[in-house]
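Have a look at the structure below before the remarks.
Residue numbers (UniProt numbering): 1 to 102.
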């Protein structure tokens, strides 16, 4: 196990949201994401922190956090919040359903 000290400047970029540390990606970056969608439509970001270079990058996910129609369709607006779970290295593909005999 390793101890990683994340500089306060990283939290300035992330904001004051409650964040989960979901693991690392293939590049060894720490993956951080808010634990819940906000009550109001606004951009949703996942953050990647490189422990070697001490750089952080922010990736905006379109279509969930900032799409009011999507949020209304799935009831995110009326509820207190929607929990977010991140699975590093997870890829979904319909190729899984391909018939191996064809």
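C-beta atoms are modelled at their ideal positions from N, C-alpha and C, and glycine is treated no differently.
Note that the structure is predicted; figures quoted are calculated from it, not measured.
- Here the alpha carbon of residue 70 sits roughly 17 Å from the alpha carbon of residue 45.
- Around the Cβ of residue 88, a 10 Å sphere holds fewer than 16 other Cβ atoms; the residue is exposed.
- Cα atoms of residue 48 and residue 64: separation of roughly 19 Å, rounded to the nearest angstrom.
- When the five nearest sequence neighbours on each side are left out, the beta carbons in the same chain lying within less than 8 Å of the beta carbon of residue 7 are those of 54, in order along the chain.
- Here the alpha carbons of residue 51 and residue 3 stand approximately 10 Å from one another.
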